[in-house]
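160 is the number of the first residue of the sequence shown in our numbering; add one for each residue after it. Virtual Cβ for every residue (Gly too), placed ideally from N, Cα, C. In this text the structure is predicted, and so the values were computed from the model without any measurement. Everything on this sheet refers to the single structure shown next.
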Amino acid sequence: MTRIRHRIDWMTMEKAKAPGGERDLCDRVLNGVRAAAELQDNYRLPLERFLLSKCDVADGRSQEKAVEIASQVLAECFTRSPSLLERWRGEGNLEAFLRTAALNRLRSWWKSAEKRSTEVDSDSAAIANHAIRENAINGEEQTIAIEALRAGVAKAAADCPEGLVFLRLKGLHGVDQRALSHCWGHHESQTSRRIKDAMATIRTCARDVSAARGCELDYDLLQQALQQNPGLLLGEGGTMPTADEVEILRLAATAPSTAAIRRDAVVRMCANPQALEYFAQLLNRADGSETTIAKDTGMEHLAARLHDMVARSIALLTPADARGLATPLMTDSFTDLLQAIGADGGTLWWSCPRQAALEAVFNPLEPEISGKRQPLVSGAISLALATGEAFLTTDLAADPHYSPAIDHAMGRSTRSMIAVPFVPPGGTRGVLTAVRFGSGAGFHRADAAKIHRFSAVLAELFAARITCLLVRPEEAT
Numbered sequence: 160m161t162r163i164r165h166r167i168d169w170m171t172m173e174k175a176k177a178p179g180g181e182r183d184l185c186d187r188v189l190n191g192v193r194a195a196a197e198l199q200d201n202y203r204l205p206l207e208r209f210l211l212s213k214c215d216v217a218d219g220r221s222q223e224k225a226v227e228i229a230s231q232v233l234a235e236c237f238t239r240s241p242s243l244l245e246r247w248r249g250e251g252n253l254e255a256f257l258r259t260a261a262l263n264r265l266r267s268w269w270k271s272a273e274k275r276s277t278e279v280d281s282d283s284a285a286i287a288n289h290a291i292r293e294n295a296i297n298g299e300e301q302t303i304a305i306e307a308l309r310a311g312v313a314k315a316a317a318d319c320p321e322g323l324v325f326l327r328l329k330g331l332h333g334v335d336q337r338a339l340s341h342c343w344g345h346h347e348s349q350t351s352r353r354i355k356d357a358m359a360t361i362r363t364c365a366r367d368v369s370a371a372r373g374c375e376l377d378y379d380l381l382q383q384a385l386q387q388n389p390g391l392l393l394g395e396g397g398t399m400p401t402a403d404e405v406e407i408l409r410l411a412a413t414a415p416s417t418a419a420i421r422r423d424a425v426v427r428m429c430a431n432p433q434a435l436e437y438f439a440q441l442l443n444r445a446d447g448s449e450t451t452i453a454k455d456t457g458m459e460h461l462a463a464r465l466h467d468m469v470a471r472s473i474a475l476l477t478p479a480d481a482r483g484l485a486t487p488l489m490t491d492s493f494t495d496l497l498q499a500i501g502a503d504g505g506t507l508w509w510s511c512p513r514q515a516a517l518e519a520v521f522n523p524l525e526p527e528i529s530g531k532r533q534p535l536v537s538g539a540i541s542l543a544l545a546t547g548e549a550f551l552t553t554d555l556a557a558d559p560h561y562s563p564a565i566d567h568a569m570g571r572s573t574r575s576m577i578a579v580p581f582v583p584p585g586g587t588r589g590v591l592t593a594v595r596f597g598s599g600a601g602f603h604r605a606d607a608a609k610i611h612r613f614s615a616v617l618a619e620l621f622a623a624r625i626t627c628l629l630v631r632p633e634e635a636t
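This is the structure in structure tokens:
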């Protein structure tokens, strides 16, 4: 007892003699220990119960691994660099984020060599059930993602209907943003802000709804939900516009229209996808884009008809069609530009409105990316498509619009990105990107300007290719 009292007295004296900086350090360490204990108390048992619910009752090894993974995930909130909490960034529900991280590790373990090396005959029935349970988990997550996305779109329709209409017109129907802004009587930046507000509303609401169901809505889930249910973003159902609706939409498409007419048109377009499609046709028809053919005397009518045919043909192109139209001149010129600005890759992404996705058409430096897809409502590339504005970042992972889906699929980490709209005759059809990997320096504004100029050149090359095939269809073979 005397020894203990002496030890306490000694610790008290040492603390009194310690400099202020050392006392602060000790306080921070103790606070960190208390925070770690609180995190364990609040989340360990719920996380264990969640993982155990995904294991077969006869698979004792998976149950043991589930408990181990729960402890690892919570420990890495403090010990890993960067910690899991830094990756969470305070966005959404923490428990849903931890659940997703832990479940992904359990799934990986099920497929890993470690699991195969511990298989014994008595486990065979439980192991055979893993594929069934994996499919059940995927189906449950897909259901949650669809419900969350539907709720997000409904929230955007209620809170920012104009932005949702602009998003659909611009991103899904290829309406030129300048024509849309002119029709509404405001600057293009206002149109962009409304589109961004709608995208943020959809993303935030969908994340909150999925978190309430115990699911972290990642970009892969979002992409799968949109591919399986493109009507979630396009709008489902609808009827042919009535005569009254047609008149309102015609008035709204005629600049300058009154605010009351525009509000009425927005309400009808939110409620009826076919009314939205009709309005898009009105604006696309009225778009005064410059033809690539000189309008000589007596040729204006024919040139306008040819321009319209080219625009319609490009509007009907699928990513596979666009890939088939690409020529060595296009890919070689793109390669030269990418190498000149020090890019590690560059892709032409094609908009697929019916699938609510963007598909990679070609990338001369990363040919294996061809055919990869990402959803229309997430990621910096989709933002460039929706707003019609160039996007440049020197730290993509830190950007709130970053979607890791393509990086994960390709097994690399993008450091810096340029994304500019690809606008051939008829309206925006995709996005042209350039990327740098690793931890080096990012792109500069001058690099973005070069990509922007090449996007315009590439659009003209596509138009010329289509024109040639229309005039001489035998070259299609």
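Taking a contact to mean a Cβ-Cβ separation below 8 Å, would you say residue i touches residue j in this structure?
i      : j      : result
Ala261 : Ile228 : yes
Leu497 : Trp508 : no
Gly570 : Ala474 : no
Val469 : Leu629 : yes
Ala114 : Leu385 : Look at the range of the chain in this structure, 160 to 636, and you will see that residue 114 is not part of it.
Gly589 : Arg574 : no
Gly501 : Arg595 : yes
Lys314 : Thr360 : yes
Ile540 : Ala481 : no
Cys429 : Val324 : yes
Cys236 : Ser230 : no
Cys342 : Leu442 : yes
Phe209 : Arg266 : no
Ala545 : Leu392 : no
Ala365 : Glu404 : no
Ile420 : Arg372 : no
Ala543 : Ser529 : no
Ala608 : Phe581 : no
Ser562 : Gly538 : yes
Taking residue i as part of the alpha helix (DSSP H), name the residues at either end of that continuous run.
i      : result
Glu406 : 402–411
Phe493 : 487–499
Leu544 : 539–546
Met428 : 418–430
Leu391 : 390–393
Gly103 : As shown, the chain starts at 160 and ends at 636. That puts residue 103 outside it, with no answer to give.
Per DSSP, what are the beta-bridge partners of residue i in this structure?
i      : result
Ala516 : Cys511, Pro534
Ala593 : Gly505, Ile577
Lys325 : The amino acid at residue 325 is misidentified as Lys; the sequence shows Phe. Answer is none; Phe325 lacks a bridge partner.
Phe521 : Leu507
Helix, strand or coil for residue i, going by three-state DSSP, please let me know.
i      : result
Thr573 : strand
Phe237 : coil
Phe550 : strand
Ala196 : helix
Phe602 : coil
Asn443 : helix
Ile163 : Low per-residue confidence applies at Ile163: pLDDT is 44, beneath 50, and the placement is therefore not dependable, though the value from the model is reported in the following sentence. Reduced to three states, the DSSP call for Ile163 is helix.
Asn201 : helix
His611 : helix
Asp280 : Caution applies to Asp280, whose pLDDT of 48 falls short of 50 and renders its modelled position unreliable; the value that the coordinates give is listed next. It is helical.
Asn263 : helix
Lys224 : helix
Pro526 : helix
Met468 : helix
His560 : coil
His332 : coil
Gly311 : helix
Val616 : helix
Ser212 : helix
Pro583 : coil
Ser230 : helix
Please tell me whether, using a cut-off of 7 Å, the distance from the CB of residue i to the nearest non-hydrogen atom of the ligand MG is below it.
i      : result
Cys214 : Because no ligand of any kind appears in the structure shown, any question about the ligand MG cannot be addressed here.
- Item | Ordered list of alpha helix (DSSP H) runs contained in the stretch 336–373, each at least 4 residues | 336–343, 347–371
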